[in-house]
Structure formats: structure tokens, C-alpha cells
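What follows is a single structure, written as C-alpha cells, with notes after it.
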Amino acid sequence: MNASRRRILQKWKEIHWLGWWGDSLDVRFHLAEQIRSVPGDRILDIGCGPGIILSEAPEDASLRVGVEADTEKIATARQLAPGCKFVSADWKHLPFAEGSFDLIVLGGMIELVPDLERFLEGVWCLLDEGGHLLCTTPNRSHWMYINHTRMRRADEYESIFRPYPGTHVQGYNPLPSPLSFLPAVLKRRVPSHWLPYVFPPSPLLARVPGIEAMFRWLMKFSWLHRQCKSIFITVRKER
Numbered sequence: 018m019n020a021s022r023r024r025i026l027q028k029w030k031e032i033h034w035l036g037w038w039g040d041s042l043d044v045r046f047h048l049a050e051q052i053r054s055v056p057g058d059r060i061l062d063i064g065c066g067p068g069i070i071l072s073e074a075p076e077d078a079s080l081r082v083g084v085e086a087d088t089e090k091i092a093t094a095r096q097l098a099p100g101c102k103f104v105s106a107d108w109k110h111l112p113f114a115e116g117s118f119d120l121i122v123l124g125g126m127i128e129l130v131p132d133l134e135r136f137l138e139g140v141w142c143l144l145d146e147g148g149h150l151l152c153t154t155p156n157r158s159h160w161m162y163i164n165h166t167r168m169r170r171a172d173e174y175e176s177i178f179r180p181y182p183g184t185h186v187q188g189y190n191p192l193p194s195p196l197s198f199l200p201a202v203l204k205r206r207v208p209s210h211w212l213p214y215v216f217p218p219s220p221l222l223a224r225v226p227g228i229e230a231m232f233r234w235l236m237k238f239s240w241l242h243r244q245c246k247s248i249f250i251t252v253r254k255e256r
């Protein structure tokens, strides 16, 4: 596990352990790393929760804004990232002008949006030309999420994001679980509280040298992403 991931884990332990993602190989670790490497001086994190991801944004960015509907999480976020601005609002009402940001983050929230096409139209307006949109979401094709009817499959995201040029839909964490080869009808009968015990033990795998680099390399292969646990979507708004 690299220094960035250790730092994020420490933040969870200190401020919001009950909200921990529960997966040491979660795609949002990769998202936090991308926030530091993708160009963006005005950053918006929609559905920022307790501010873990936004707190990893470069401190020299001129504007770092988090939007969250839960006021308790906003209070936690303000303690964690005092240099950021936090707005109490939900994804339906984003109080910003067009072109206000050049990096917008949607980390584990688009699966909660019923009318995603309309929501993305609004987000797209907030993104300035040349800006980037970064999204992470579970992949309903993966057996762990097969019963989550509100989630979407990788191919559905490919269709939804098709109107936006410069989109890349990639899979993250293709490691199979012991239940991967069961028929779907049997997978659906696995009690949800068993799931953490039958998936590959991520706290151990996260300690394997080069595991993150391997995941990043595997993201290049489109034939893999439809079965991955998570989806990572990047979009660049052309000038």
C-alpha cells in the first residue's frame, strides 16, 4: 500500500471510521491519486461526504468546493479540510454558474441518481472548456452488486456517457472472488453479511507490492472492464 492510501486510511480512522469504505482496494483510492495528477485549479466534489477525497486535492488550487446534503458530514469535512469550502446542497440543486470549475469529481454517487442523463447535462454546464470530469461507481455486472437494482452495468454507463466526447469508461479491480463462477441465481442467495468474507481479502492484497500499478495497467484492456468490481470514468471537455 502506497503512502497516499495509508494517509487516507489514517484520515478515516481519525475522523469517520464508521463511514469507512470497507475495501482497502476501493477505486476511490485511485480517484484520490488522480485528483492530484489531473490538471485542475478549480475543483468541485459533488457528494463529498466527510471530505476525504477533496482533502487530497492540491492545496495550491485556487478553489476547492465540496457539496454534501448531510450537515453532519459537512461539519466533519470542515474539520478535515479547513482550506476547502463546503456547501450544504444536494445533487438536484447545484448553486454554481456555468463554467465555474475545471475539475469535477463524482466519487461513488452517480449510482444514486435516477435520472443520470439529466444530472450529467447540469454537471457538464458547470465544467469549463478543457476541464475534466472524474467518476467512480460500482459495476452492477459484478456479483457483489447483482441485487442492487438502482446500480448500472458498465455497458449502460458507456451508453449514457456516449454524448460526451473524450469519455473513457474503464474497469477497476478485476480480481475474481470465490463465488465468481456460480450461476447468478445462486449468487443472489448469498446473504449480504457474508460478502466481506468471500471476496478476496483486500487488506492483505493491498500490501502486495505493485498491486495498484497492476490495476492501473489492467484498466487499459476494455474486454476486462465489464466484469470488474468498479467503474472509473474520465471525461475531458474539449475546447
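What the sequence shown shows, in my numbering, is residues 18 to 256, in sequence order. Ideal Cβ placement from N, Cα and C applies to all residues, glycine included.
Item                                                                                                                                                              : Value
Within a Cβ cutoff of 8 Å, which residues of the same chain sit near E115, ignoring the five residues on either side of it in sequence?                           : C142 and L143
With DSSP as the reference, identify every bridge partner of R59, one or two as the case may be.                                                                  : L80
Suppose you measure from the CA of L123 to the CA of T153; what does that come to, to the nearest Å?                                                              : 7 Å
DSSP beta-bridge partners for C152?                                                                                                                               : L123 and I250
Please list, in chain order, all residues of the same chain as H242 whose beta carbon is under 6 Å from its beta carbon, the five residues on each side excluded. : A171, Q187 and G188
Taking the runs of the alpha helix (DSSP H) that are 4 residues or longer, which of them lie wholly in the stretch 65-114?                                        : 88-97
From the DSSP output, in three-state form, read off V225 for me.                                                                                                  : coil
Any heavy atom of the ligand GDP closer than 7 Å to the Cβ of W240?                                                                                               : Looking for the ligand GDP in the displayed structure turns up nothing, as the structure carries no ligands at all.
Could you give the residue range of the beta strand (DSSP E) that holds H185?                                                                                     : T184 to Y189
By DSSP, does E146 sit in helix, in strand, or in coil?                                                                                                           : strand
Name, in chain order, the residues that DSSP records as bridge partners for F118.                                                                                 : L144
From P56 to P75, what does the alpha carbon distance come to, in whole angstroms?                                                                                 : 10 Å
For the alpha helix (DSSP H) containing E173, name the first residue and the last one.                                                                            : A171 to I177
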